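>
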Ligand SMILES: [Zn+2]
């Protein structure tokens, strides 16, 4: 991606179309394949009136907040997270350009999801539309879901076999995160309380079971849905705090053919032979996070 595209704010002075959207008609010097892809993408993009568009490779960030605010989000949230995630985990960018739509409030989010994508959102925060290569967010709910959703296209590209438990564990780890010496660090967040309750009630499942859940089990089980997320997130959190998460990720990717669930890789990286004993240790560690949660 050439420097000229980085953080470019597009001025939406192009002709209004009959549909009430604007066509971006910018001239680009295209000296690489990715620039050509981006130029084509921008030429096709229909941006409603009142929206600013900021190129932040491999994304285009579009929003109906004031343009300076859209630019700030593109830099302080999207670029901030992308730089750190790439450094830690992801050598490859997603092949396609992904649009990140940041709608300023619930009304804008619901209306535009319908008008632009013919979607009725099932979550108040935001979601990824694979069909439209777009993240569709109600940004009034905060930037956490945005960082969560940014992780998914990178995982799809760099670790296509990634099972749901780790896909969601890693993505949700970073929905609340901070910088630590240039590295992204997930923090204790709202998913803690549900997990704490499950531990106290003896309702966690074994890590062998968690890692063996199929995607349809992980996403489909109504009763355990959020508990799976919580347990997967805080397994990633534990690995992070022990300095093992990056190592686990890269060994999981490298060995996914022989260990598709990641369970044996997890055991090896943790240096644990007795995973039942490890679970007790992990639960004690998690309950000890109560003080940082308050
Ligand atoms: Zn997710």
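In this note's numbering, the protein residues as written are 1 to 294.
For each residue, glycine too, the CB sits at the ideal point set by N, CA and C.
Just so it is clear, the structure is predicted and the values come from calculations on it, not from any experiment.
Kindly list the residues whose CB is nearer than 8 Å to the CB of residue 185, restricted to its own chain and excluding five residues on each side of it in sequence; keep chain order.
Hits under 8 Å: 177, 178, 179, 240.
> Buried or exposed: residue 153, going by 16 or more other Cβ atoms within 10 Å of its Cβ?
By the 10 Å Cβ count, residue 153 comes out buried.
> Does the beta carbon of residue 171 fall short of 7 Å from some heavy atom of ligand 1?
Yes, ligand 1 has a heavy atom inside 7 Å of this Cβ.
> If we count the other Cβ atoms within 10 Å of its Cβ and call it buried at 16 or more, is residue 172 buried or exposed?
Looking at its Cβ environment, which holds 16 or more other Cβ atoms inside 10 Å, residue 172 is buried.
> In the DSSP assignment, the beta strand (DSSP E) including residue 100 goes from what residue to what residue?
Residue 100 -> beta strand (DSSP E) spans 98-103.
> Output the distance between the C-alpha atoms of residue 103 and residue 138, rounded to the nearest integer angstrom.
Cα to Cα, residue 103 sits roughly 5 Å from residue 138.
> Which residues mark the beginning and the end of the alpha helix (DSSP H) in which residue 167 is found?
Where residue 167 is concerned, the enclosing alpha helix (DSSP H) stretches over 164-173.
> Scan the region 80-145 and note each continuous beta strand (DSSP E) run of 3 residues or more that stays entirely inside, going in chain order.
Complete beta strand (DSSP E) runs here, min 3: 98-103, 126-129, 134-138.
> Given the structure, does residue 168 come close to ligand 1, in the sense that its CB is under 7 Å from one of the ligand's heavy atoms?
Yes, Cβ of residue 168 sits closer than 7 Å to a heavy atom of ligand 1.
> Does the pairing of the region 36-46 with the region 92-102 give three or more beta-carbon distances under 8 Å?
With the cut-off at 8 Å, the region 36-46 and the region 92-102 touch.
> Would DSSP call residue 212 helix, strand or coil?
Residue 212 falls in the helix class under three-state DSSP.
> Give the DSSP-derived three-state secondary structure of residue 184 in the structure shown.
In the structure shown, residue 184 sits in a strand (DSSP, three-state: E or B).
> Note down the Cα distance separating residue 276 from residue 231, rounded to an integer number of angstroms.
Looking at the two C-alpha atoms, the distance is approximately 15 Å.
> Thinking just about the alpha-carbon of each residue, which of 165, 196, 156 is nearest to the one in residue 133?
Residue 156 is the option with its Cα nearest to residue 133.
> Using a Cβ-Cβ cut-off of 8 Å, state whether residue 160 counts as contacting chain D.
The structure shown contains no chain D, having only a single protein chain.
> Excluding the five sequence neighbours on either side, which residues of its own chain have a C-beta within less than 6 Å of the C-beta of residue 252, listed in chain order?
Same-chain partners within the cutoff: 262, 265.
> Taking just the CA atoms, how far does residue 150 sit from residue 196?
Going by the C-alpha atoms only, they are around 27 Å apart.
> Are there 16 or more other CB atoms within 10 angstroms of the CB of residue 11, so buried, or fewer, so exposed?
Low local confidence applies: a pLDDT of 39 at residue 11 is under 50, so the model's placement there is unreliable, and no value is given.
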